[in-house]
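> Have a look at this one before I ask anything.
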Amino acid sequence: MRVPLLDLHAQYAPIMDDIKAEMDKVFVTHAYKLGPQVKEFETAIQDYCNVQHAVGCASGTDALVLALLALGIGEGDEVITTPFTFFATAGTIHRVGAIPVFVDVKPDTYNLDPTKIEEKITPKTKGIMPVHLFGQPAEMDAIMAIARKHNLSVIEDNAQGIGAKYDGQTAGTIGDIGTLSFFPSKNLGAMGDAGMCLTNSAELAAKLVQLRQHGENPQYYHRWVGLNSRLDTLQAAALLIKLRSLPRWTEQRRENANYYFQHLADVPQITLPYIHPKAQSIFNQFTLRVENRDGLMAHLRALDIGCAVYYPLSLHLQECFQYLNHSPEDFPISVALSQDVLSIPIYSELSREQQDFVIEGIKKFYN
């Protein structure tokens, strides 16, 4: 039996005709940039995420850059974030001329540890960028309290957490700006790259709209240097159709997660994901912490079971960040996780038969 890490064939098959029909509308109008489907999708996301403003852009990475620019964060400023995340989190901070200041993560949720933030705040600190890793929100109540105390901006990297909630609030809508990624592997994935910024501030939303189009307003007049980062109309058309299925897909992922919780709980070599009592995860990934990670990964791949390591090298140890002068000992939890984590299939179309095969494969390896 083959069990891929993600099965886009199974995801698209029931809705492809609807996507093609929506895309055909674009071919009729030829409004390929900021066409009507873009605004329609932005409005739909506002409703889904319960946020006042949604501004589409070309990628989740661009969304982070736009958020930093809109908040006036740039050369020489410091932004506190996690070293255990996808590269774009710290990469975008560097890209605007700011300095990523890493804080280690919690050993249970793998999210930014709020108790370690204040010791890293300096006069140069301008913001905090928590990541809602694997679809579980960070501890936003504690993070927001620290940000308010020190007058810091908060950018939520919610690339993996669309629709997740923390203490009843939708992830990505709690800080000053939240960002979404619609990379194809995300729970709501485009047919290419696409992203979005979320905010409840009309002033920031207007600035984001301007910045995503070279900072111009009106045309050919530029107050700021922005990006060429518009959400493609064809991508918006596809995402509009897919958004209809997202609530069902999310519930199926949660059901699949519960099945793993039930049937892998008796494997002592595995630490199952821990979900914070205030958090509601959307399980973008189902990430285990395991003994003999590389051996288990090779075993599962030999059985044609998809699995992946997110992430194999903590950001503070990446070659491009050597100028920060960090050692492995600086963030030991992040380093340990990078050696132990393994993500297994969790996508909504996963059958019970496939899940049983994954569970059996894991248990056979350790037995």
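Using my numbering, you'd call the opening residue of the sequence shown number 1 and step up by one each time. The C-beta atom is built at its ideal place from N, Cα and C for all residues, glycine as well. These numbers come from a predicted model, not from an experiment.
Can the beta-carbon of Leu300 be found closer than 8 Å to that of Gly361?
Cβ distance < 8 Å, so Leu300 and Gly361 count as in contact.
> Taking Cβ to Cβ, would you say Asp269 is nearer than 8 Å to Tyr166?
Note that residue 269 corresponds to Gln in the displayed sequence, not to Asp. For Gln269 and Tyr166, no; Cβs fall outside 8 Å.
> Can you have a look at Phe261 and say buried or exposed, based on whether 16 or more other CB atoms are within 10 angstroms of its CB?
Phe261 comes out exposed.
> Counting contacts by CB-CB distance shorter than 8 Å, is Ile344 in contact with chain C?
In the displayed structure, chain C is absent; only one protein chain is listed.
> Measuring CA to CA, which of Gly76, Asn284, Ile19 and Ile80 is closest to Leu315?
Ranking Gly76, Asn284, Ile19 and Ile80 by Cα distance to Leu315 puts Ile80 first.
> Hey, how far is the Cα of Ile305 from the Cα of Ile19?
Each residue's Cα considered, the two are about 29 Å apart.
> Specify whether the region 242-262 and the region 327-336 touch according to this definition: at least 3 beta carbon pairs, one from each stretch, less than 8 Å apart.
Contact fails: fewer than three Cβ-Cβ distances are below 8 Å.
> On the DSSP letters alone, give me the boundaries of the alpha helix (DSSP H) that Met16 sits inside.
Unbroken alpha helix (DSSP H) run through Met16: Met16 to Thr29.
> Out of Ala194, Ala205 and Arg289, state which residue places its alpha-carbon closest to the alpha-carbon of Val267.
Looking at the Cα atoms, Arg289 is the closest of the given residues.
> Just to confirm, are Ile174 and Ile146 a CB contact at a threshold of 8 Å?
Cβ distance not < 8 Å, so Ile174 and Ile146 don't count as in contact.
> Assign Tyr323 to one of two classes, buried (16 or more other C-beta atoms within 10 Å of its C-beta) or exposed (fewer than that).
Looking at its Cβ environment, which holds fewer than 16 other Cβ atoms inside 10 Å, Tyr323 is exposed.
> Can you check the region 30-77 for any alpha helix (DSSP H) of at least 4 residues that lies completely inside it and give the ranges in chain order?
Here the runs fully enclosed are 36-49 and 60-70.
> Are Asn284 and Asn158 closer than 8 Å when you measure CB to CB?
It is not a contact, given that the beta carbons lie outside the stated cut-off.
> Can Val103 and Lys120 be called in contact, C-beta distance under 8 Å?
Yes, the pair counts as a contact, with Cβ atoms nearer than the cut-off.
> Pull up the CB-CB distance for Val38 and Thr233, whole angstroms please, since I reckon it's below 8 Å.
Contact holds; Cβ gap of about 6 Å.
> Starting from Phe183, trace the alpha helix (DSSP H) both ways and give me its first and last residue.
Counting along the chain, Phe183 falls outside any alpha helix (DSSP H), and DSSP gives it neither H nor E.
> For Thr109, name the three-state secondary structure that DSSP assigns.
In the structure shown, Thr109 sits in coil (DSSP, three-state: anything other than H, G, I, E or B).
> If you run the structure through DSSP and keep just helix, strand and coil, what is Asn217?
It is coil, neither helix nor strand.
> Grab the span of the beta strand (DSSP E) containing Phe102 for me, first residue to last.
Note, Phe102: beta strand (DSSP E), Ile99 to Phe102.
> Is it the case that the CB of Phe27 approaches a heavy atom of the ligand ZN more closely than 7 Å?
Ligands displayed in this structure: none; no statement on the ligand ZN is therefore possible.
> I need the DSSP call for Lys124, collapsed to helix, strand or coil.
Here Lys124 sits in coil by DSSP.
> Excluding the five sequence neighbours on either side, which residues of its own chain have a C-beta within less than 7 Å of the C-beta of Asn256, listed in chain order?
Cβ neighbours of Asn256 beyond the five flanking positions: Ile346, Leu350 and Gln355.
> For Arg289, report the span of its beta strand (DSSP E) as first-last.
Phe286 to Val290 is the span of the beta strand (DSSP E), which, as asked, contains Arg289.
> For Lys363, collect the residues of the same chain with a Cβ closer than 7 Å to its Cβ; drop the 5 residues on either side in sequence, then sort them by chain order.
Within the same chain, Lys363 has close Cβ partners Val267.
> Is Met129 buried or exposed, if buried means 16 or more other CB atoms sit within 10 Å of its CB?
So Met129 counts as buried.
> Ignoring anything shorter than 4 residues or poking outside the region 287-327, list the alpha helix (DSSP H) runs there in chain order.
Whole alpha helix (DSSP H) segments, 4+ residues: 293-302.
> State the beta-bridge partners of Lys165 as determined by DSSP.
Thr170 and Gln280, per the DSSP bridge assignment.
> Taking the alpha-carbon positions, what's the Val209 to Thr115 distance?
Going from the Cα of Val209 to the Cα of Thr115 covers about 35 Å.
> Suppose contacts are defined by Cβ-Cβ distances below 8 Å. Is Ser229 in contact with Leu66 by that definition?
Yes; because the gap between Cβ atoms is below 8 Å, this pair is in contact.
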